[in-house]
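One structure is given here, and the rest of the page talks about it.
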Amino acid sequence: MQSPRRPRRTRPALGARAGATAVLLAALAVTGCASPGQPGAPAEDDGAASGPAPEETAAAEGTTDLTITVDPTGEGASSTYTLTCDPAGGDHPDPEAACALLEEVGVEAFAPVPRDASCTQQYGGPQTATVEGTLGGEQIDARFAYTDGCEISRWDGVADLLPADAGLL
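Residue numbers (mature numbering (1 follows the signal peptide of the UniProt record, and there is no 0)): -34 to -1, 1 to 135.
Written out as structure tokens, the structure is:
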């Protein structure tokens, strides 16, 4: 005689649990987890202005005032130039071209090469350059060199900013 089979217990499908969790998280994201007045809740707008006046912000956002130092030998025999834009000025050899380039490339051109970037191992020379100051109201402090393919490409992207009469181009 065979023993009677017991019915198997079943669990809810994993997909159903994941779906319910996703719906719950979406609902929390839409409604927010805290009500006004609780710690971590967004502050209510009382109508008072915070931060600088709009005209001050506009002036600061448009400010470009840079100091550019190039060393063609990498040994400290550097030349330093200043550059302002709107209007283009300073003692940079071609402020109009430099300001036009800055308008085109923006602050992104001054970001360092990511540490995990794969760069060709080529050496372009000992030259170095620094660009410090304010570009479109944002502080920048960038270093340029010809030490590998990524750095050479980065330098070439701002070549009009780095004066040719410094013996670099």
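C-beta atoms are modelled at their ideal positions from N, C-alpha and C, and glycine is treated no differently.
Remember, predicted model here, so these are calculated numbers, not experimental data.
7 Å CB neighbourhood of residue i in its chain, flanking five on each side removed
i      : result
Gly123 : Val71, Ala75
Asp57  : Tyr47, Thr48
Residue nearest to residue i in terms of C-alpha spacing, selected from the options
i      : options                      : result
Phe110 : Cys65, Arg120, Leu101, Thr33 : Arg120
Thr30  : Gly115, Cys85, Ala54, Asp126 : Ala54
Ile106 : Ala77, Gly42, Tyr47, Asp126  : Ala77
Gly91  : Gly102, Asp114, Thr33, Ala43 : Asp114
Glu104 : Thr35, Val73, Gly42          : Val73
Thr48  : Gly42, Pro61, Pro38, Gly40   : Pro61
Beta-carbon proximity of residue i to residue j, cut-off 8 Å
i      : j     : result
Ala108 : Val97 : yes
Leu67  : Cys51 : no
Leu128 : Leu32 : no
Cys116 : Cys85 : yes
Residues near residue i by beta carbon distance below 8 Å, same chain, minus five either side
i     : result
Gln88 : Asp114, Gly115, Ile118
Glu41 : Pro92
Ala43 : Asp37
Inter-residue CB distance, residue i and residue j (contact presumed, cutoff 8 Å)
i     : j     : result
Ile34 : Ala95 : 7 Å
Neighbourhood of residue i by C-beta distance below 6 Å, restricted to the same chain and skipping five residues each side
i     : result
Gly99 : Asp31, Leu32, Thr33
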